[in-house]
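First residue of the sequence shown: -1, per this note's numbering; consecutive thereafter.
Built from N, CA and C at the ideal position, the CB exists for glycine as well.
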Amino acid sequence: MSPDSTLPSVTLARLQEIVQRVNAAEDLHEALEIIVHRVKAALDTDVCSVFVRDSSVPQYVLMATEGLNPGAVGMVRMAADEGIVGFVASRQEPVNLANAAEHPRYRYFPETDEQRFSGFLAVPLVHFRQSVGVLVVQQVSQRVFANDEVAFLVTIGAQLAATLSNAALGTTFFPREPGPLGHSELIQGMPGAPGVTIGNIVLPSRLAELDAVADRAAEDAGREEAIFRRAVHETQEELRASADRMEGRLSAETRAIFDVYILILGQDDLVEDVVARIRNGNWAPGALRDSIAEHAKLFEQAEDPYLQTRAEDIRAIGHRILLRLFSDVTEVKKYPSNAVLLGDEVSLARIADVPPGQLKGIVCLRGAVLSHTAVLARELGIPAVMGLGPRNVRALDGHPIIVDGYRGRVFIDPLPAVIQEYRRFVQHEGQLSAKVAALRDLEAMTTDRVQVRLGLNVGLLTDMDVAAYLAVDEVGLYRSEFPFMTRETFPTEEEQHEIYRKILQAFAPKPVTMRTLDIGGDKPLPYFPMTEENPFLGWRGIRFTLDQPDIFLTQLRAMLRANVGLNNLRIMFPMIGQINEIKAARQALDRARRELAEEGNECPAPTIGAMVEVPSALFSIPTLSRYVDFFSIGTNDLTQYLLAVDRNNPNVARLYNHLDPAVIRALDGVIREARRCGKPASVCGEMAAEPGSAILLLGMGLETFSMSAFAVLRIKWVIRSFSSQQTKNILHHAMRMECAETVRIMLDDELRRAGLGELVLA
Ligand code: PEP
Ligand code: MG
């Protein structure tokens, strides 16, 4: 039959219809059934089958068919070097054959009854370069499928590949023999906070499911209202108690999140809405269900992802009240000694519920590196993995889990061998921490006595005990956006003054570098939604604050006032890309000082710096030097802008690498230029906290390394293990390499050679 004979024309509408039905499927099995049924009809052929890769073997398994013997589903398995299916999967190209039996790789499976079929078209299901399956159509007669039919199958295949890769977690797709090895699943997300934990999953309590509450007529509306109001009051008390438990672990502004919850409860809106529904005849739980659903929906519909997460807060509050309504006794959640909180987002209230010492890990289906939860986890020193993607986790409460916060991955129900490996790793981490603790009072100095400054990055925690414990030289980066992100409105000058004063005071006389508000990009404000096509190239950092002088001046005034009598403030401006921006920022600072002086508040002039994180700044160091006292290089943003890779986008995350030789050369140039211009330079991005990269930065002659608490003593160990000449040689070598991978291998070798192999493992 010729390819252009009277075959059905395959239309876009038909494709869309299949895709829609597949998306509406309850589970993967149903999705596969829909595909084989619909594709077979659309191509008017005799068979459609899907083979799915079982990566534990690895083999391609027949998982759905219409036309072959249904009894063969789950039974027929092919390795990559077996049959035409294996051939298509390994070559990752379609095969279109008039008579399959003539193909050298043809293999007959008696279970399938397939000797009757000749025409054969198969397309690989490829997701991120990996073959995850093969989609096949077959025909009794000899038939070469037409080009539009091949295109149709390829298109369906691309959709199916993504669906297969995002298959629901917790559903065992491949039937397995229950055996000593159990079922283990590795899920790749994004690193949230470093460290490794072996623990047990704790899901949000489902004792009282709001959605499951039925309507019931209130027998006595007055009594029902009183019961409800008491439950609200008790919930407020409970939240206050949780906030108190976090006392000393969190800054005042972070604990303010609890106040937000208490406030929501105290506001007439929600409570009175429920009361109105009770007076209309519903009993309290039914009225509460409707009010919570309505309030949560308002937030869910917001475009801003941060606002969407507020819906979770509302539901969490509703859930707590329901627990109170349903029982006279509070549900006392029993936490395992190694609790790993898992959820869409893990709220602060959930973190605070866990008794101190029992929280060992955090895993969020949503969220990215800079989400609140990740920042908090880093500051509390709890390993976290973010952004696993939408998954069904309902069945996983209590299941064992390994959280690998270094690589951003988790293992659910890990195999004993994997647990053993990670146990060794956790033990090693403990030994490493104990070992580097001994370096606390030693100088951060190379073997040839070149002194380096170590700084701390802080955001949510204002608890300076950590800084004292680590004996750092300065706060190299205070991310001032966090107090803004944990509130319901822009904080007032007084509120900001109080926060900044505490930090400056706790650290005086050592310098504290406060960065002005850096929102936008991946740091949205709940109360100032921005909808931008391309937020990382949009209204963020200094661009935003210069356009909002009211907000900018308030912040600058608060910082300047906080510095009176202490004089350890350094102010730094984020996202400087053009000279006019630094000039305007300086003018704003001058104006704030002048106005304060006019009000009788003489404030000392702070030292001023610019962040180097926008590529244009790389080439403007001499001009920028005229307007600043120091530079701080933000390698997180600089890497993403140089490589054009969004650091939070899982599709391209693997391309994000600050060891790319292009990034290394750029950094070397900046540090050299800054030195030539007589301005000190520091690095406050994650690169400064990474042992291999630290060698390169030392080789560049970097003066100050600023990082989160976790890394300080490890980096000190690196600094104390090399001479500056050694680091220069290593840098020289790296700059001539072709790719990040070879640089990584070389740096790991150097660390091992210097006796720091334990840091490579970490
Ligand atoms: C950076 O970009 O490297 C940096 C330190 O700033 P942030 O990660 O807060 O954007
Ligand atoms: Mg940045």
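* Asked: At a cut-off of 7 Å, is T633 close to the ligand PEP when judged by its beta-carbon and the heavy atoms of the ligand?
  -> By 1-based counting over the sequence shown, the position of residue 633 is 635. True, at least one ligand heavy atom lies under 7 Å from that Cβ.
* To do: Would you kindly work out how many angstroms separate the C-alpha atoms of F172 and H27, rounded to a whole number?
  => What you label residue 172 is simply residue 174 of the sequence shown in a count that begins at 1. What you label residue 27 is simply residue 29 of the sequence shown in a count that begins at 1. Residue confidence for F172 is low, a pLDDT of 46 falling below 50, so the modelled location carries little weight; the figure read from the coordinates is stated next. Using only the alpha carbons, I get a separation of about 11 Å.
* To do: Leaving out five residues on either side along the sequence, give the residues of the same chain with a beta carbon under 6 Å from the beta carbon of V124.
  => The residue given as residue 124 occupies position 126 in the sequence shown. So the list reads Q90, A159, once near-sequence residues are dropped.
* Identify whether V373 lies in helix, strand or coil by the three-state DSSP scheme. => As a working mapping, residue 373 is identified with position 375 in the sequence shown. It is helical.
* Say whether the segment 386 to 405 touches the segment 351 to 365, bearing in mind that this needs 3 or more beta-carbon pairs closer than 8 Å, one atom from each stretch. => yes
* Asked: Do L640 and A679 have their C-beta atoms within less than 8 Å of each other?
  -> Here residue 640 is taken as the residue at index 642 of the sequence shown, counted from 1. Here residue 679 is taken as the residue at index 681 of the sequence shown, counted from 1. No, they are not a contact pair.
* Residues bridged to C362 [DSSP beta-bridge criterion] -> Within the sequence shown, the letter at position 364 stands for residue 362. Per DSSP, G341.
* **Beta-carbon proximity of I574 to A615, cut-off 8 Å** => Residue mapping note: residue 574 aligns to position 576 of the sequence shown, counting from 1. Residue mapping note: residue 615 aligns to position 617 of the sequence shown, counting from 1. Yes; because the gap between Cβ atoms is below 8 Å, this pair is in contact.
* Asked: With a Cβ-Cβ cutoff of 8 Å, do A350 and S240 count as a contact?
  -> Taking the sequence shown and counting its residues from 1, one reaches residue 350 at position 352. Taking the sequence shown and counting its residues from 1, one reaches residue 240 at position 242. It is a contact, given that the beta carbons lie within the stated cut-off.
* As assigned by DSSP and simplified to three states, the class of P353 -> Stepping through the sequence shown from its first residue, residue 353 is reached at position 355. DSSP places P353 in coil when its eight states are reduced to three.
* Kindly provide the ranges of any beta strand (DSSP E) runs that are 3 or more residues long and lie completely inside the segment 30 to 78, ordered along the chain. => 45 to 52, 57 to 64
* Asked: Could you give the distance in angstroms between the alpha-carbon of A436 and the alpha-carbon of H426?
  -> As a working mapping, residue 436 is identified with position 438 in the sequence shown. As a working mapping, residue 426 is identified with position 428 in the sequence shown. If you take the alpha carbons of A436 and H426, they lie about 16 Å apart.
* Measure the alpha-carbon distance for I399 versus A560 and round it to whole angstroms. => Your numbering for residue 399 matches position 401 in the sequence shown. Your numbering for residue 560 matches position 562 in the sequence shown. About 45 Å.
* When burial is assigned at 16 or more other CB atoms within 10 Å of the CB, is I728 buried or exposed? -> For the purposes of this step, residue 728 is taken as residue 730 along the sequence shown, with counting starting at 1. Its Cβ being crowded by 16 or more others within 10 Å, I728 is buried.
* Asked: At which residues does the beta strand (DSSP E) containing I400 begin and terminate?
  -> By one-based count along the sequence shown, residue 400 stands at place 402. Taken as a continuous stretch (DSSP letters only), the beta strand (DSSP E) holding I400 covers 398 to 402.
* **R322 to G187 span [Cα, whole Å]** => What you label residue 322 is simply residue 324 of the sequence shown in a count that begins at 1. What you label residue 187 is simply residue 189 of the sequence shown in a count that begins at 1. In a straight line, the C-alpha of R322 is about 36 Å away from that of G187.
* To do: Please classify L184: does DSSP put it in a helix, a strand, or coil?
  => As a working mapping, residue 184 is identified with position 186 in the sequence shown. Here L184 sits in strand by DSSP.
* **Whether A586 touches L551 by CB criterion (8 Å)** => Counted from its first residue, the sequence shown places residue 586 at position 588. Counted from its first residue, the sequence shown places residue 551 at position 553. Going by C-beta atoms, A586 is nearer than 8 Å to L551.
* To do: Helix, strand or coil for F172, going by three-state DSSP, please let me know.
  => Locating residue 172 in the sequence shown gives position 174, counting from the first residue. With a pLDDT of only 46 at F172, under 50, the local geometry of the prediction cannot be trusted, and the value read off the model is given with reservation. The answer is coil: DSSP assigns F172 none of H, G, I, E or B.
* How about F423 and V716: do their beta carbons lie closer than 8 Å? -> As a first step, residue 423 is located in the sequence shown; it is residue number 425 there, counting from the start. As a first step, residue 716 is located in the sequence shown; it is residue number 718 there, counting from the start. Contact flag unset, no.
* Asked: Can you find at least 3 beta carbon pairs, one from the segment 439 to 448 and one from the segment 476 to 487, that sit closer than 8 Å?
  -> no
* Asked: Would a C-beta distance cut-off of 8 Å place L754 and S719 closer than the cut-off?
  -> Indexing the sequence shown from 1 puts residue 754 at position 756. Indexing the sequence shown from 1 puts residue 719 at position 721. Yes.
* Asked: Would the segment 538 to 545 and the segment 512 to 522 be scored as touching if the rule is three or more Cβ pairs under 8 Å?
  -> yes
* Where in the segment 413 to 496 do unbroken runs of the beta strand (DSSP E), each at least 3 residues long, occur, reported from the N-terminal end onward? -> 451 to 456, 472 to 477
* Give a single yes or no on whether E756 has its beta carbon closer than 7 Å to a heavy atom of the ligand MG. => Working through the sequence shown from its first residue, we reach residue 756 at position 758. Result no, Cβ not under 7 Å from the ligand MG.
* To do: Examine the ligand PEP and report whether any of its heavy atoms sits within less than 7 Å of the Cβ of D516.
  => Taking the sequence shown and counting its residues from 1, the one referred to as residue 516 is at position 518. Checking the Cβ of D516 against the ligand PEP gives yes.
* Sequence-distant residues of its chain with Cβ nearer than 8 Å to V650 (five each side left out) -> Translated into the one-based positions of the sequence shown, residue 650 becomes position 652. For V650, where only same-chain residues beyond five positions count, the Cβ hits under 8 Å are V643, D644.
* Name the DSSP bridge partner or partners of A215? -> Taking the first residue of the sequence shown as position 1, residue 215 is located at position 217. In the DSSP output, where bridge partners are listed per residue, A215 has N280.
* Starting from Q157, trace the alpha helix (DSSP H) both ways and give me its first and last residue. => Numbered from 1 along the sequence shown, position 159 holds the residue referred to as residue 157. Q157 -> alpha helix (DSSP H) spans 145 to 163.
* Run through DSSP, which three-state label would T680 get? -> One-based indexing of the sequence shown puts residue 680 at position 682. Rather than Thr, the amino acid found at residue 680 in this sequence is Ser. Reduced to three states, the DSSP call for S680 is strand.
* Rounded separation between R674 and R127 - CA only -> The residue given as residue 674 occupies position 676 in the sequence shown. The residue given as residue 127 occupies position 129 in the sequence shown. Taking the straight line joining both Cα atoms gives about 46 Å.
* Asked: For the 8 Å Cβ check, are there 3 or more pairs between the segment 555 to 569 and the segment 604 to 622?
  -> yes
* Asked: Should E611 be counted as a contact of the ligand MG given a C-beta to heavy atom distance under 7 Å?
  -> Reading the sequence shown from its first residue, position 613 is the one you call residue 611. At least one heavy atom of the ligand MG is nearer than 7 Å to the Cβ of E611, so yes.
* Asked: For L567, which of helix, strand or coil comes out of DSSP?
  -> To locate residue 567, count along the sequence shown from 1; it is residue 569. Strand.
* Should Q18 be labelled buried (16 or more other beta-carbon atoms within 10 Å of its own) or exposed? -> Reading the sequence shown from its first residue, position 20 is the one you call residue 18. Result: exposed.
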